[in-house]
Ligand code: SF4
Ligand code: SF4
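Residue numbers (the working numbering): 1 to 388.
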């Protein structure tokens, strides 16, 4: 049996174990098989030593959050993201991962009107207390206000699927900041409603490729593409690797996390009003471990507020795209560790606000933060409010 993984990449792990403390599933369970080293060894066993693809193997692979916290920690440069994506693709093709009902849900993401209607229905059900609290879903919006309207073609503002359904306010905040800079923006045309990140994580490689091609076609030209959702930004930046064409590599080079793009332009903004109190920064994994652009959030926030760091070295919060819905118990255990780090930061600083630049993390953490009287905001929302 072969997983069709690159043998050189698979063999690049020297089993040193330096990644283990950075792996949320290993930290939560203490199980070697749920660590990066253990998972790579299981992949090798199947591909190189003829082990069967049994339920244990599927469990090891499906419980990986795909946070990629193991990558920056690895001295050998093991491309773990590629290995787990390839393995999940194999398992999904073999019918062992991502069953039909999940595929239906993922298909909805690219049908924006249906997604908005479904999200509103879920929000109504949530208000009627029909959604169990133990699922840990943050408060979904019933009204989301008008979509952002394009003003020109200096940059593209990528709006996405879930980001637009759940955090459209942040798109309006981003537009406000661009207006303040005198930068005109366009929004994606037809086909640009979903980047395919969640499909790729679920092993739905062909669907992810189709969505990548459509997304690239929705934002033609050379203008920079600004993304305010860390997961989407990471996916768009990896289209070059996914498609392997010159055009896709060119496209990926145009993509910026919005904070990364703003960090060198802050002097062009009007004077900012100071935020009352300090602000805790939570790093979404796909901003910190994949895009490695997390410091730019601090550059932006420190212009108008004191930044408070967490002391957990960027450990994942357990949101992981659809992970918190598919693996709720493990996701909750992982979140408990993140909340302990947040509690320590609150105690040190007295902060009443936490920022996160990813909709999945915000939704996953919101309920816990509500219980503590802490507001969770997108950094760009705070910046837009600071504009005088
Ligand atoms: S991607 Fe995250 S959860 Fe998966 S093995 Fe690496 S550190 Fe662990
Ligand atoms: S993935 Fe990297 S850090 Fe982890 S055990 Fe292998 S070589 Fe060491």
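Just so you know, even glycine gets a beta-carbon here, dropped at the ideal spot from N, CA and C. Keep in mind the model is a prediction, meaning the values are calculated, not measured.
Checking the 7 angstroms criterion, the Cβ of residue 75 is within range of a heavy atom belonging to ligand 2.
Taking a cut-off of 8 angstroms for Cβ pairs, the stretch 70 to 82 and the stretch 16 to 28 touch, as three or more such pairs fall below it. Looking only at 225, 319, 202, the smallest Cα-Cα distance to residue 89 is reached by 202. Under DSSP, residue 354 takes part in a beta bridge, and its partners are 280, 376. The Cβ atoms of residue 251 and residue 226 do not sit closer than 8 angstroms to each other. The Cβ atoms of residue 173 and residue 375 lie no closer than 8 angstroms to each other. Sixteen is the threshold: when 16 or more other Cβ atoms of the shown chains lie within 10 Å of the Cβ of residue 27, as they do, the residue is buried. Bridge pairing for residue 185: 155 [DSSP].
By the C-beta density criterion, residue 260 is buried, having at least 16 other C-beta atoms within 10 angstroms. Here the alpha carbon of residue 229 sits roughly 40 angstroms from the alpha carbon of residue 50. One thing to note: residue 24 has its Cβ within 8 angstroms of the Cβ of residue 316. Positions of the alpha helix (DSSP H) runs, each at least 4 residues long and wholly inside the stretch 280 to 362, are given as 295 to 301, 323 to 326, 328 to 349 in order along the chain. The bridge partners DSSP lists for residue 246 come to none.
In the three-state reduction of the DSSP assignment, residue 225 falls in the strand class. DSSP places residue 370 within a helical segment (H, G or I) once states are collapsed to three. Apart from sequence neighbours up to five positions away, the residues of its chain that approach residue 126 with a beta-carbon distance below 8 angstroms are 137, 139, 140, ordered along the chain. Residue 163 and residue 43 have their C-alpha atoms some 33 angstroms from each other. Shortest gap from the CB of residue 19 to any heavy atom of ligand 2: under 7 angstroms.
When DSSP states are grouped into helix, strand and coil, residue 257 belongs to the strand group. For residue 110, the closest alpha carbon among the candidates 157, 40, 38, 165 is that of 165.
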